[in-house]
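Visitor: Going by our numbering, 279 is the number at position 279 of the sequence shown; the sequence numbering is gapless.
Could you have a look at this structure, given as structure tokens, before my questions?
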Amino acid sequence: MRRHIFSRLQAPAVAAVALGATLALAAPTAAVAAQPQASTAAWAAGTRAHLVITAPGDTSAVRTAVAGNGGTVFASYDAIGVIVAHSASTGFASAMRSVAGVQQVGATRTSDVPADAYNPALPANPTQSSTTLAESLTRWDMTQIKADQAWSVTTGSASVKVGVLDTGVDDQHQDIAPNFNAADSVSCAYGKADTRAGAWRDVGTHGTHVAGTIAAAKNSKGVVGVAPGVKVSSVRIAEPGSSLFFAENTICGFMWAGDHGFKVTNNSYYTDPWQFNCPDNADQAAIIEGVKRAQEYAERKGSLQVAAAGNSNLDLANKTVDTESPNDSTPVRRTITNACLDIPTELPGVVTVAAMGKGNVKASYSNFGNGVIDIAAPGGDGTSGVYSTLPGGKYGNMNGTSMASPHVAGVAALMASVDPTATPADLRSKLGVQANDTACPSDSRCTGTTTKNGFFGEGQTDALKAVGSTPPTPGSYFETTADVTIADSATVDSPLTVSGVTDNAPATLKVGVDIKHTYRGDLVVSLVAPDGTVYLLEDFANSDGTDNVAKTYTVNASSEAANGTWKLRVRDIASQDTGRIDAWNLTF
Numbered sequence: 001m002r003r004h005i006f007s008r009l010q011a012p013a014v015a016a017v018a019l020g021a022t023l024a025l026a027a028p029t030a031a032v033a034a035q036p037q038a039s040t041a042a043w044a045a046g047t048r049a050h051l052v053i054t055a056p057g058d059t060s061a062v063r064t065a066v067a068g069n070g071g072t073v074f075a076s077y078d079a080i081g082v083i084v085a086h087s088a089s090t091g092f093a094s095a096m097r098s099v100a101g102v103q104q105v106g107a108t109r110t111s112d113v114p115a116d117a118y119n120p121a122l123p124a125n126p127t128q129s130s131t132t133l134a135e136s137l138t139r140w141d142m143t144q145i146k147a148d149q150a151w152s153v154t155t156g157s158a159s160v161k162v163g164v165l166d167t168g169v170d171d172q173h174q175d176i177a178p179n180f181n182a183a184d185s186v187s188c189a190y191g192k193a194d195t196r197a198g199a200w201r202d203v204g205t206h207g208t209h210v211a212g213t214i215a216a217a218k219n220s221k222g223v224v225g226v227a228p229g230v231k232v233s234s235v236r237i238a239e240p241g242s243s244l245f246f247a248e249n250t251i252c253g254f255m256w257a258g259d260h261g262f263k264v265t266n267n268s269y270y271t272d273p274w275q276f277n278c279p280d281n282a283d284q285a286a287i288i289e290g291v292k293r294a295q296e297y298a299e300r301k302g303s304l305q306v307a308a309a310g311n312s313n314l315d316l317a318n319k320t321v322d323t324e325s326p327n328d329s330t331p332v333r334r335t336i337t338n339a340c341l342d343i344p345t346e347l348p349g350v351v352t353v354a355a356m357g358k359g360n361v362k363a364s365y366s367n368f369g370n371g372v373i374d375i376a377a378p379g380g381d382g383t384s385g386v387y388s389t390l391p392g393g394k395y396g397n398m399n400g401t402s403m404a405s406p407h408v409a410g411v412a413a414l415m416a417s418v419d420p421t422a423t424p425a426d427l428r429s430k431l432g433v434q435a436n437d438t439a440c441p442s443d444s445r446c447t448g449t450t451t452k453n454g455f456f457g458e459g460q461t462d463a464l465k466a467v468g469s470t471p472p473t474p475g476s477y478f479e480t481t482a483d484v485t486i487a488d489s490a491t492v493d494s495p496l497t498v499s500g501v502t503d504n505a506p507a508t509l510k511v512g513v514d515i516k517h518t519y520r521g522d523l524v525v526s527l528v529a530p531d532g533t534v535y536l537l538e539d540f541a542n543s544d545g546t547d548n549v550a551k552t553y554t555v556n557a558s559s560e561a562a563n564g565t566w567k568l569r570v571r572d573i574a575s576q577d578t579g580r581i582d583a584w585n586l587t588f
């Protein structure tokens with residue numbers, strides 16, 4: 001069976017690290033405005049799922065017809081005129097197509113609906129591992145898109161909600177818990193919202209990895225996401241066991257996103273079981289229409305969808321054959337055309353993201369296509385994978401357009417943070433404007449211009465340009481890398497001379513600190529101004545046994561002259577553990 005989620009594990013895949021405490025989560029209480037109608041039917045062998053498409057509004061007459069033709073209503077989304085119906089009758093679809101008011105009917109699977117759909121088991125709540133992994137601020141993917149520089153402008157607003165439509169998210173992971181939004185998280189597996197606490201958790205590893213790339217907290221642990229100040233919600237649309245994403249699940253996810261105020265959603269998958277859905281097939285035409293309506297609903301409600309382009313190294317602008325569908329039964333070889341769509345990524349309004357390796361290169365696996373690809377971002381390739389969060393407090397590398405898409409979703413979230421009034425159309429346009437033009441390599445498959453082509457779309461996303469800033473200018477950034485030993489029960493200073501800066505220091509003086517120490521609970525860290533004024537940066541809890549300090553602090557130093565000798569002061573208040581000031585910097 002083909003992996004329909006657009007990532008590839010890279011060995012070594014996992015590094016064990018940690019969260020000591022368990023986070024208590026409240027059960028979400030918000031409901032979808034177009035509340036799914038629950039089925040009371042019991043599961044039976046041969047049960048298949050169908051989309052019944054009718055006019056938006058009151059679907060009660062068509063729902064009655066579903067029951068009269070050997071089916072049951074599993075969920076109903078009146079706002080878009082989509083009903084999810086189950087039936088074990090082989091004649092159900094043809095019978096429903098003759099019902100007045102029914103526009104389209106299509107089976108969403110070539111396999112049975114699992115019995116779990118009628119009494120879903122909650123995903124496991126993984127035990128969290130402990131960590132000694134210090135936060136890395138210089139991962140190649142983040143520096144390649146200048147996210148590390150964008151954080152000096154904004155890390156994102158907590159009022160911006162990003163939906164991770166995926167395999168679920170480990171909400172208790174140390175790097176995700178600070179930014180996790182339980183109230184707006186849900187499982188949409190099987191096509192109906194399951195709001196039980198924990199239903200959103202990961203049934204694999206993929207969704208947790210994606211969530212970390214978007215918004216892992218800037219908390220001195222593990223990794224940092226592109227937008228570490230925004231909130232992430234898990235909308236699990238993958239089904240347990242198969243990890244497949246069927247159309248009814250995606251529809252539920254988009255409806256939830258629209259009704260719960262998600263500014264951005266990330267979609268690193270294609271809608272199973274068809275790699276491409278063709279409008280000349282009645283089943284697939286209904287899938288296209290149903291998912292399209294749900295995406296449009298989410299967009300009307302203010303949500304921008306960002307999606308991965310896929311990992312088959314295919315030219316999406318010149319489709320000829322599909323050999324990998326359906327992936328829930330036995331794939332067959334079929335001839336296709338450009339009318340056949342990879343959804344949701346090829347739907348109107350969705351931002352389609354291709355993957356890049358380290359540097360301005362197309363990732364070997366990434367799908368492409370002139371006029372299809374909108375933008376590109378790091379997805380990893382070969383030994384240069386994207387390093388992010390994994391369930392159980394762990395971390396690991398993955399490669400894929402699945403990893404590229406959340407970089408763009410994170411940049412869109414930063415853009416929404418600096419411009420809360422931006423509409424999905426605004427964000428979509430701005431993503432293209434801020435991208436750095438990336439010319440085609442010497443590869444005949446890449447067609448188009450330097451400003452827009454089939455490999456990179458409008459170019460590689462640039463987080464710093466997206467938030468409306470430029471890198472620090474000469475004279476505003478100062479750093480020392482001279483090591484200063486921190487002895488037991490001692491106080492040491494590391495001097496840094498600043499010159500050429502006009503006026504006083506700013507109210508948002510950034511102090512970047514890199515201290516290597518085997519027990520930071522011993523440390524009290526301060527900034528000393530040229531006139532001797534001491535600004536406490538952090539007095540670590542005595543019980544904090546974490547190694548090292550790698551953080552950026554913000555200090556209101558507006559009363560201080562900028563020029564002169566500043567000092568980073570570190571006081572060690574205990575014995576046994578020692579270390580050094582490895583480097584530190586000031587950004588004015």
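All C-beta atoms in this analysis are idealised placements derived from N, C-alpha and C, irrespective of residue type, glycine included.
Keep in mind that this is a model prediction, so the values were computed, not measured.
Take V418 and list the residues in its own chain whose beta-carbon comes closer than 7 Å to its own, dropping the five residues that flank it on each side.
Guide: Start at 1 with the first residue of the sequence shown, and residue 418 comes out as number 418. Once the five neighbours on either side are set aside, the close Cβ partners of V418 are T154, V467 and G468.
Visitor: Using 8 Å as the threshold, is the C-beta distance between G349 and P424 below it?
Guide: As a working mapping, residue 349 is identified with position 349 in the sequence shown. As a working mapping, residue 424 is identified with position 424 in the sequence shown. In this structure, P424 lies closer than 8 Å to G349 by Cβ.
Visitor: Given H173, which residues of its chain have a CB within under 6 Å of its CB, disregarding the five upstream and five downstream residues?
Guide: Along the sequence shown, read from residue 1 onward, the residue named residue 173 stands at position 173. Excluding residues within five positions, the ones whose Cβ falls inside 6 Å are T389 and G393.
Visitor: Taking the CB atoms as reference points, tell me whether T491 and R571 lie closer together than 8 Å.
Guide: Locating residue 491 in the sequence shown gives position 491, counting from the first residue. Locating residue 571 in the sequence shown gives position 571, counting from the first residue. The answer is yes: Cβ separation under 8 Å.
Visitor: When you compare the region 269-287 with the region 333-342, are there three or more beta-carbon pairs, one atom per stretch, that lie closer than 8 Å?
Guide: Output reads yes: the region 333-342 touches the region 269-287.
Visitor: Who pairs with M356 in a beta bridge, going by DSSP?
Guide: Numbered from its first residue, the sequence shown carries residue 356 at position 356. For M356, which the question treats as bridged, DSSP gives the partners K362 and P378.
Visitor: Give the single residue among V230, S442, V411 and G290 whose Cα lies nearest to the Cα of Q149.
Guide: Looking up residue 149 in the sequence shown gives position 149. Closest option to Q149, Cα to Cα, is V411.
Visitor: Taking DSSP as the reference, what is the three-state secondary structure of L527?
Guide: Indexing the sequence shown from 1 puts residue 527 at position 527. Correct three-state label for L527: strand.
Visitor: Please list the terminal residues of the continuous alpha helix (DSSP H) segment that includes Q295.
Guide: The residue given as residue 295 occupies position 295 in the sequence shown. Taken as a continuous stretch (DSSP letters only), the alpha helix (DSSP H) holding Q295 covers A282 to R300.
Visitor: Taking its Cβ as the centre, do 16 or more other Cβ atoms sit within 10 Å of R428, making it buried, or is it exposed?
Guide: By 1-based counting over the sequence shown, the position of residue 428 is 428. Its Cβ being crowded by 16 or more others within 10 Å, R428 is buried.
Visitor: Within the chosen definition, does the region 493-503 reach the region 442-462 through at least 3 CB pairs nearer than 8 Å?
Guide: The region 493-503 is not in contact with the region 442-462.
Visitor: Run through DSSP, which three-state label would S388 get?
Guide: Within the sequence shown, residue 388 is the residue found at index 388, counting from 1. Strand, per DSSP.
Visitor: Is the distance from the Cβ of V85 to the Cβ of V66 below 8 Å?
Guide: Residue mapping note: residue 85 aligns to position 85 of the sequence shown, counting from 1. Residue mapping note: residue 66 aligns to position 66 of the sequence shown, counting from 1. Sequence check: residue 85 is Ala here, not Val. Yes, the pair counts as a contact, with Cβ atoms nearer than the cut-off.
Visitor: Please return the same chain residues whose Cβ sits closer than 6 Å to the Cβ of N338, not counting the five positions on each side in sequence.
Guide: Position 338 of the sequence shown holds residue 338. Once the five neighbours on either side are set aside, the close Cβ partners of N338 are K319.
Visitor: Which ranges does the beta strand (DSSP E) cover as unbroken runs of at least 3 residues, wholly within the region 95-162, from first to last along the chain?
Guide: Entirely contained in the region 95-162, the beta strand (DSSP E) runs reaching 3 residues are, in chain order, 102-107.
Visitor: Measure the CB-CB distance between A158 and K221 and report whether it falls below 8 Å.
Guide: Residue mapping note: residue 158 aligns to position 158 of the sequence shown, counting from 1. Residue mapping note: residue 221 aligns to position 221 of the sequence shown, counting from 1. Contact flag unset, no.
Visitor: Could you spell out the range, first to last residue, of the alpha helix (DSSP H) harbouring N249?
Guide: Sequence index remark: in the sequence shown, residue 249 carries index 249 (1-based). Looking at the DSSP string, the run of the alpha helix (DSSP H) that includes N249 is A247 to D259.
Visitor: Considering G310, what are the terminal residues of the alpha helix (DSSP H) in which it resides?
Guide: The residue given as residue 310 occupies position 310 in the sequence shown. That residue, G310, is in no alpha helix (DSSP H); it is neither H nor E in DSSP.
Visitor: Which two residues bound the contiguous beta strand (DSSP E) that contains T485?
Guide: Your numbering for residue 485 matches position 485 in the sequence shown. Where T485 is concerned, the enclosing beta strand (DSSP E) stretches over V484 to I486.
Visitor: Cα separation between H517 and N327?
Guide: Taking the first residue of the sequence shown as position 1, residue 517 is located at position 517. Taking the first residue of the sequence shown as position 1, residue 327 is located at position 327. One C-alpha to the other measures close to 51 Å.
Visitor: Can you tell me which of L51, I373 and K362 puts its alpha carbon nearest to the alpha carbon of G380?
Guide: For the purposes of this step, residue 380 is taken as residue 380 along the sequence shown, with counting starting at 1. Of L51, I373 and K362, the residue nearest in Cα terms is K362.
Visitor: Would you kindly check if the distance between the Cβ of A124 and the Cβ of A189 is under 8 Å?
Guide: Mapped onto the sequence shown, residue 189 falls at position 189. Mapped onto the sequence shown, residue 124 falls at position 124. No. Outside cutoff.
Visitor: Quick check: D171 and A177, are their CB atoms within less than 8 Å of each other?
Guide: On the sequence shown, position 171 is the one that residue 171 refers to. On the sequence shown, position 177 is the one that residue 177 refers to. The answer is yes: Cβ separation under 8 Å.
Visitor: Using the beta-carbon count (16 or more within 10 Å), is N542 buried or exposed?
Guide: Position 542 of the sequence shown, counting from 1, holds the residue named residue 542. So N542 counts as exposed.
Visitor: Report the residue from S76, T54, M142 and A117 whose alpha carbon sits nearest the alpha carbon of Q103.
Guide: Your numbering for residue 103 matches position 103 in the sequence shown. Looking at the Cα atoms, T54 is the closest of the given residues.
Visitor: Helix, strand or coil: which one does DSSP assign to D522?
Guide: Indexing the sequence shown from 1 puts residue 522 at position 522. Helix, per DSSP.
Visitor: Would the region 290-302 and the region 244-257 be scored as touching if the rule is three or more Cβ pairs under 8 Å?
Guide: These segments touch.
Visitor: With respect to the beta strand (DSSP E) encompassing D514, which residues constitute its N-terminal and C-terminal limits?
Guide: Position 514 of the sequence shown holds residue 514. First-last of the beta strand (DSSP E) with D514: L509 to H517.
Visitor: Could you work out which residue in G258, R300, T213 and A317 is closest to S268 when comparing CA atoms only?
Guide: Counting from 1 along the sequence shown, the entry for residue 268 is found at position 268. Looking at the Cα atoms, T213 is the closest of the given residues.
Visitor: Would you mind sorting L431 into buried or exposed? The rule is 16 or more other CB atoms within 10 Å of its CB.
Guide: If you number the sequence shown from 1, residue 431 lands on position 431. Classification for L431: buried.
Visitor: Does the distance from the CB of K263 to the CB of D462 come in under 8 Å?
Guide: The residue you call residue 263 lines up with position 263 of the sequence shown. The residue you call residue 462 lines up with position 462 of the sequence shown. Not a contact, by the Cβ cut-off of 8 Å.
Visitor: Measure the C-alpha to C-alpha separation of L347 and T323 and round it to an integer number of angstroms.
Guide: Counting from one through the sequence shown, the residue named residue 347 turns up at place 347. Counting from one through the sequence shown, the residue named residue 323 turns up at place 323. Their Cα atoms are separated by approximately 22 Å.
Visitor: List the endpoints of the continuous alpha helix (DSSP H) containing P495.
Guide: As a position in the sequence shown, residue 495 is number 495, starting the count at 1. No alpha helix (DSSP H) contains P495, which is instead part of the beta strand (DSSP E) from T491 to V498.
Visitor: Taking 8 Å as the threshold, find out whether the region 113-121 comes into contact with the region 528-541 through three or more Cβ pairs.
Guide: No, the region 113-121 is not in contact with the region 528-541.
Visitor: Whose C-beta lies closer than 6 Å to the C-beta of N360 among residues of the same chain, with five residues either side of it excluded?
Guide: The count along the sequence shown starts at 1 and reaches residue 360 at position 360. For N360, where only same-chain residues beyond five positions count, the Cβ hits under 6 Å are T438.
Visitor: Which residues mark the beginning and the end of the alpha helix (DSSP H) in which K430 is found?
Guide: Taking the sequence shown and counting its residues from 1, one reaches residue 430 at position 430. Here the alpha helix (DSSP H) through K430 covers P424 to Q434.
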